[in-house]
Amino acid sequence: MSHHNTCYRSEHYDLWFDNGFLLYGMSLILNSLPASYFRKKHVFFTSDNYFAVLQHNYNRRDTLFILLTEGNDLNFLSELPMLRLPAKLDAGRVKDISASTHPLLQNPSGARRLGAVYRAGKESYSTYQQWRSGRQHWPVAKPAYKNHFIKSG
């Protein structure tokens with residue numbers, strides 16, 4: 174039985190998934206993050222693609238490997254230093270992982286500022302969800318940070 178390995182490549186991350194829905198969902202989440210979140214190249218993969226990732230010969234010093242598992246730890250896959258995360262991970266957890274590698278977290282004031290931006294975004298999204306469901310009117314507010322712009326895409 175032959176196995177086809179699918180890799181979606183971008184400047185900041187590679188996705189090694191055979192499941193099209195997982196591939197599309199993860200790319201949407203990761204594309205929503207600013208480029209500054211990716212201090213290292215992130216390589217997300219499943220156990221089915223483990224050997225393809227090994228054969229790709231990534232620079233291990235400049236790459237963060239993230240294995241998505243389905244309940245078992247797969248401890249025998251130990252040739253790469255990697256994070257092991259459940260495949261049923263939600264978008265917030267993926268962003269937390271990326272935020273934990275963010276350069277601003279190297280100093281306490283940067284970590285506080287990044288946390289404040291994250292909380293403000295989370296609160297705005299919650300308000301947006303309530304507005305969409307008709308439970309709340311959309312608020313008009315002043316920007317929290319003057320002269321700070323988040324570049325998208």
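Numbering-wise, the sequence shown is residues 174 to 326 according to the numbering used here. Heads up, the beta-carbon is just placed ideally off N, CA and C, and yes, glycines get one too.
Take residue i and list the residues in its own chain whose beta-carbon comes closer than 8 angstroms to its own, dropping the five residues that flank it on each side.
i	result
residue 236	213, 214, 215, 216
residue 197	none
Taking DSSP's pairing of strands, which residues face residue i in a bridge?
i	result
residue 182	187
residue 227	For residue 227, which the question treats as bridged, DSSP gives no partner whatsoever.
residue 214	236
Kindly indicate which residue of the options has the alpha-carbon position closest to the one of residue i.
i	options	result
residue 225	183, 190, 185, 186	190
residue 204	221, 233, 192, 181	181
residue 242	197, 223, 193	223
Tell me, to the nearest whole angstrom, how far the beta carbon of residue i is from that of residue j; I am working on the premise that it is less than 8 angstroms.
i	j	result
residue 199	residue 188	5 angstroms
residue 240	residue 218	6 angstroms
Among the residues of its own chain, which have a CB less than 6 angstroms from the CB of residue i, if the five just before and after it don't count?
i	result
residue 183	none
residue 179	191
Residues in its own chain within less than 7 angstroms of residue i by CB, not counting five upstream and five downstream?
i	result
residue 208	185
residue 229	none
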